[in-house]
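Trainee: Residue numbers (this note's numbering), protein chains in the order written: chain F, -15 to 229; chain W, 19 to 320. Pasting a structure below so you can have a look.
See the structure below:
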């Protein structure tokens, strides 16, 4: 019973035909942003899962609390994210049942997730996500990410999806080592607004999560304030441009 | 050109089924799900009923760029790598380590796919710990070089997409480097560079360290440790100007390299294990201030 592309999986036998694996994502979430702060760590995402150009699920959460010290947020295939949530919840329940008071640290959770994602990539049955992990442990913030092939790193600022191109430069510009959670929330909200204006797969409904010494705090969904009467929006960015380019 | 196919590293490494028409082994492997098919048309991109268009299927390989250099001297070896994590035209982070300190005499640097690099480093670290437990001593440079080759070849038909250089000092205290391709072919040399800037850096090192292409054919003077470090830094800052997958100078005009210098290692205390971990013989090449203060940390970012 081999697992992987082309082989037969489970007890079904040959009658079920070759195993189908996720070769392309279908229902996808867009960017996740994250900033490490002096007193915690903050991540943000919008609440949309798109099916091609259709805004399929408009009020879903792409942020999930893993432990009292750790949250994850994910872009990419939404059903795979639900699978990740289930996997991580299972891990935390196992730990609870051990009843020894020990809980995986945020960076341990991050590495666990990396090994899960890389293992699935090796089976050619990937979890098609870009997951951002944010945690606060022992007075120190951790912020890391992992994608569908298992690439992973920890960093002060992280952006995935379209945010990698339009959000990350803004994050790097605004980042200071002594940035506070309150400032970072405002910063991420501003960048989510930029993404909403220009990324057609981002909605104006967002969610922000912070991890501090007091634990995990995930906000309700709320709508961004937007402004559409900027002159450039009204005229078009190329107004007055007479060049042939 | 695919690094596997560079001159001197061609046909023998490719699966027999892959003729000369199959230039990019990793592209083929990606599309075949890591398996080497011997018959039929094995291109996988499928017709996607939903999108009504051709869509590429899952690609397990990703090139994150990066360049790694090792230069050996009489009694030292310099191992350096850049820190850029490239992804297409984006740079998700500028600070990843491609270096792995295996023990006090051996350092590995790896370019290519970051996820494979990370896994390879984990595997090697475990294998070296096992050796240390079993034999009560660290692995020698030569032994590590063979271990790395075997580890890479073990995944011959779904390779680690990594390009390694290994540097260190051997049992006699002499510095040496080893250059690898992705599936374990290797060569013992005095100077080597692999990764995205290989074609930019290697010829410069050949010229400056080995005295190749010198007009009068005179042997070049041996470089000191300090001179070697400066040369390696110059190589990276120049390559960074022309290769988008290698980081050059940072805002302060410093190359954000991850430099590790091994100097002649020596046994310091009587305890057979502890002595190996005394890091006083490490010299940091980046900043004189660090060097003078006898800092013994093994990582250093500019």
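For glycine and all other residues, C-beta sits at the position ideal for the given N, C-alpha and C.
Within the continuous alpha helix (DSSP H) that includes residue 198 of chain W, where are the two ends?
Mentor: Numbered from its first residue, the second chain carries residue 198 of chain W at position 180. Unbroken run through residue 198 of chain W is the beta strand (DSSP E), 193 to 198; no alpha helix (DSSP H).
Trainee: Is the number of C-beta pairs between the region 159 to 177 of chain W and the region 199 to 219 of chain W that are closer than 8 angstroms three or more?
Mentor: At 8 angstroms Cβ cutoff, the stretches touch.
Trainee: Output, in chain order, the set of chain A residues within a Cβ distance shorter than 7 angstroms of residue 136 of chain W.
Mentor: Among the chains of the structure shown, chain A does not appear; the protein chains present are F and W.
Trainee: Which whole runs of the beta strand (DSSP E) in the region 11 to 83 of chain F are 3 residues long or more, in chain order?
Mentor: List check, beta strand (DSSP E) in window: 11 to 13, 16 to 20, 24 to 30, 33 to 35, 38 to 41, 47 to 51 and 54 to 61.
Trainee: My parser needs the alpha helix (DSSP H) runs of 4 or more residues fully inside the region 129 to 199 of chain F; what are they?
Mentor: Counting whole runs of 4 or more residues, the region 129 to 199 of chain F contains the alpha helix (DSSP H) stretches 147 to 150, 152 to 158 and 165 to 182.
Trainee: What do you get for residue 70 of chain F, buried or exposed, if any count of 16 or more other CB atoms within 10 angstroms of its CB means buried?
Mentor: As a working note, residue 70 of chain F is residue 86 in the first chain. It counts as exposed.
Trainee: Name the residue from F/58, F/137, F/178 and F/91 whose alpha carbon lies nearest to the alpha carbon of residue 149 of chain F.
Mentor: As a working note, residue 149 of chain F is residue 165 in the first chain. With distances taken between Cα atoms, residue 149 of chain F lies closest to F/178.
Trainee: Can you tell me where the alpha helix (DSSP H) with residue 135 of chain W in it begins and where it stops?
Mentor: On the second chain, residue 135 of chain W is found 117 positions in, with the first residue counted as 1. Where residue 135 of chain W is concerned, the enclosing alpha helix (DSSP H) stretches over 132 to 153.
Trainee: Can you tell me which of W/167, W/130 and W/85 puts its alpha carbon nearest to the alpha carbon of residue 250 of chain W?
Mentor: Taking the second chain and counting its residues from 1, one reaches residue 250 of chain W at position 232. Ranking W/167, W/130 and W/85 by Cα distance to residue 250 of chain W puts W/85 first.
Trainee: Kindly list the residues whose CB is nearer than 7 angstroms to the CB of residue 237 of chain W, restricted to its own chain and excluding five residues on each side of it in sequence; keep chain order.
Mentor: Translated into positions along the second chain, residue 237 of chain W becomes position 219. Contacts found: 229.
Trainee: Using a cut-off of 8 angstroms between C-beta atoms, extract the partners of residue 180 of chain W located in chain F.
Mentor: In the second chain, residue 180 of chain W corresponds to position 162, counting from 1. The contacting residues do not exist; residue 180 of chain W stays about 13 angstroms from chain F at best.
Trainee: Please report how far the alpha carbon of residue 256 of chain W lies from the alpha carbon of residue 103 of chain F, in whole angstroms.
Mentor: Residue 256 of chain W sits at position 238 when you count from the first residue of the second chain. Residue 103 of chain F sits at position 119 when you count from the first residue of the first chain. Taking the straight line from one Cα to the other gives about 38 angstroms.
Trainee: Sorted by chain position, which residues of the same chain lie with C-beta nearer than 6 angstroms to residue 101 of chain F's C-beta, five sequence neighbours on each side aside?
Mentor: In the first chain, residue 101 of chain F corresponds to position 117, counting from 1. Result list for residue 101 of chain F: 111, 130 and 134, in chain order.
Trainee: What does residue 110 of chain F reach in chain W if we use C-beta pairs closer than 7 angstroms?
Mentor: Residue numbering aside, residue 110 of chain F sits at position 126 when the first chain is read from its first letter. In chain order: 76.
Trainee: How should residue 210 of chain F be labelled, buried or exposed, when 16 other C-beta atoms within 10 angstroms of its C-beta is the threshold for buried?
Mentor: Here the question's residue 210 of chain F lines up with position 226 in the first chain. Exposed, since its Cβ has fewer than 16 Cβ neighbours within 10 Å.
Trainee: Rank W/114, W/94, W/76 and W/90 by C-alpha distance to the C-alpha of residue 101 of chain W and give the top, closest one.
Mentor: On the second chain, position 83 is the one that residue 101 of chain W refers to. Residue W/114 is the option with its Cα nearest to residue 101 of chain W.
Trainee: Which whole-angstrom value is the C-beta distance of residue 209 of chain W and residue 97 of chain W, which I expect to be below 8 angstroms?
Mentor: As a position in the second chain, residue 209 of chain W is number 191, starting the count at 1. As a position in the second chain, residue 97 of chain W is number 79, starting the count at 1. Wrong, their Cβ atoms sit about 11 angstroms apart, outside the cutoff.
Trainee: With a threshold of 16 other CB atoms inside 10 Å of the CB of residue 173 of chain W, please say whether the residue is buried or exposed.
Mentor: If you number the second chain from 1, residue 173 of chain W lands on position 155. Buried, by the Cβ-count rule.
Trainee: May I ask you to check if the CB of residue 85 of chain F is nearer than 7 angstroms to at least one heavy atom of the ligand NAD?
Mentor: Of ligands this structure carries none, so the ligand NAD is not represented either.
Trainee: Report all residues from its chain with a CB closer than 8 angstroms to the CB of residue 95 of chain W; omit the five preceding and five following residues, and keep chain order.
Mentor: In the second chain, residue 95 of chain W corresponds to position 77, counting from 1. Cβ within range, chain order: 88, 89, 125, 185, 186, 187, 193, 194, 195, 279 and 280.
Trainee: So, residue 47 of chain F versus residue 202 of chain F, is the Cβ gap smaller than 8 angstroms?
Mentor: Along the first chain, read from residue 1 onward, the residue named residue 47 of chain F stands at position 63. Along the first chain, read from residue 1 onward, the residue named residue 202 of chain F stands at position 218. Yes, the pair counts as a contact, with Cβ atoms nearer than the cut-off.
Trainee: So, are the CB atoms of residue 218 of chain W and residue 156 of chain W less than 8 angstroms apart?
Mentor: Position 200 of the second chain holds residue 218 of chain W. Position 138 of the second chain holds residue 156 of chain W. No, Cβ-Cβ distance for residue 218 of chain W and residue 156 of chain W is not below 8 angstroms.
Trainee: Comparing the C-beta of residue 149 of chain F with each C-beta of chain W, is any distance below 8 angstroms?
Mentor: On the first chain, position 165 is the one that residue 149 of chain F refers to. Yes, residue 149 of chain F lies at the interface with chain W (some Cβ there is under 8 angstroms from its Cβ).
Trainee: Rounded to a whole number of angstroms, what is the C-alpha to C-alpha distance between residue 107 of chain W and residue 139 of chain F?
Mentor: Against the second chain, residue 107 of chain W aligns to sequence position 89. Against the first chain, residue 139 of chain F aligns to sequence position 155. One C-alpha to the other measures close to 19 angstroms.
Trainee: For residue 243 of chain W, report the span of its alpha helix (DSSP H) as first-last.
Mentor: Within the second chain, the letter at position 225 stands for residue 243 of chain W. Segment 243 to 260, the alpha helix (DSSP H) holding residue 243 of chain W.
Trainee: Let me check understanding here. Comparing Cα to Cα, which of W/277, W/265 and W/263 lies closest to residue 243 of chain W?
Mentor: On the second chain, position 225 is the one that residue 243 of chain W refers to. If we check each option's Cα against that of residue 243 of chain W, W/277 comes out closest.
Trainee: Could you check how far apart the C-beta atoms of residue 87 of chain F and residue 95 of chain F are, in whole angstroms? I think they sit under 8 angstroms.
Mentor: Taking the first chain and counting its residues from 1, the one referred to as residue 87 of chain F is at position 103. Taking the first chain and counting its residues from 1, the one referred to as residue 95 of chain F is at position 111. The pair is not a contact, with the Cβ atoms about 14 angstroms apart (cut-off 8 angstroms).
Trainee: Spell out whether any CB of chain F is found under 8 angstroms from the CB atom of residue 201 of chain W.
Mentor: Locating residue 201 of chain W in the second chain gives position 183, where the first residue counts as 1. Chain F contact via Cβ: absent.
Trainee: Straight-line CA distance for residue 191 of chain F to residue 117 of chain F?
Mentor: Here residue 191 of chain F refers to the residue found at position 207 of the first chain. Here residue 117 of chain F refers to the residue found at position 133 of the first chain. For residue 191 of chain F and residue 117 of chain F, the distance between alpha carbons rounds to 15 angstroms.
Trainee: Identify the continuous alpha helix (DSSP H) that holds residue 114 of chain F and give its terminal residues.
Mentor: As a first step, residue 114 of chain F is located in the first chain; it is residue number 130 there, counting from the start. Segment 113 to 121 is the beta strand (DSSP E) holding residue 114 of chain F; no alpha helix (DSSP H) there.
Trainee: Closer than 8 angstroms, CB to CB, is residue 177 of chain W near chain F or not?
Mentor: Counting from 1 along the second chain, the entry for residue 177 of chain W is found at position 159. Output row for residue 177 of chain W: interface = no.
Trainee: Looking at the secondary structure, which residues open and close the beta strand (DSSP E) in which residue 167 of chain W lies?
Mentor: Taking the first residue of the second chain as position 1, residue 167 of chain W is located at position 149. First-last for residue 167 of chain W: 159 to 172, but that is the alpha helix (DSSP H), not the beta strand (DSSP E).
Trainee: When you compare only the Cα positions, how much space is there between residue 224 of chain F and residue 216 of chain F?
Mentor: Within the first chain, numbered from 1, the residue matching residue 224 of chain F stands at position 240. Within the first chain, numbered from 1, the residue matching residue 216 of chain F stands at position 232. Cα to Cα, the separation comes out at about 11 angstroms.
Trainee: Can you grab the Cα-Cα spacing for the pair residue 211 of chain W / residue 99 of chain F, in whole Å?
Mentor: As a working note, residue 211 of chain W is residue 193 in the second chain. As a working note, residue 99 of chain F is residue 115 in the first chain. If you take the alpha carbons of residue 211 of chain W and residue 99 of chain F, they lie about 29 angstroms apart.
Trainee: Going by other Cβ atoms of all chains shown within 10 Å of its Cβ, with 16 needed for buried, is residue 233 of chain W buried or exposed?
Mentor: As a first step, residue 233 of chain W must be located in the second chain, where it is residue number 215. With fewer than 16 Cβ atoms within 10 Å of its Cβ, residue 233 of chain W is classed as exposed.
Trainee: Under 7 angstroms between beta-carbons, which chain F residues line up against residue 80 of chain W? List them in chain order, please.
Mentor: Here residue 80 of chain W corresponds to residue number 62 of the second chain, with the count starting at 1. Ordered by position in chain F, the residues that pass the 7 angstroms Cβ test against residue 80 of chain W are 133 and 135.
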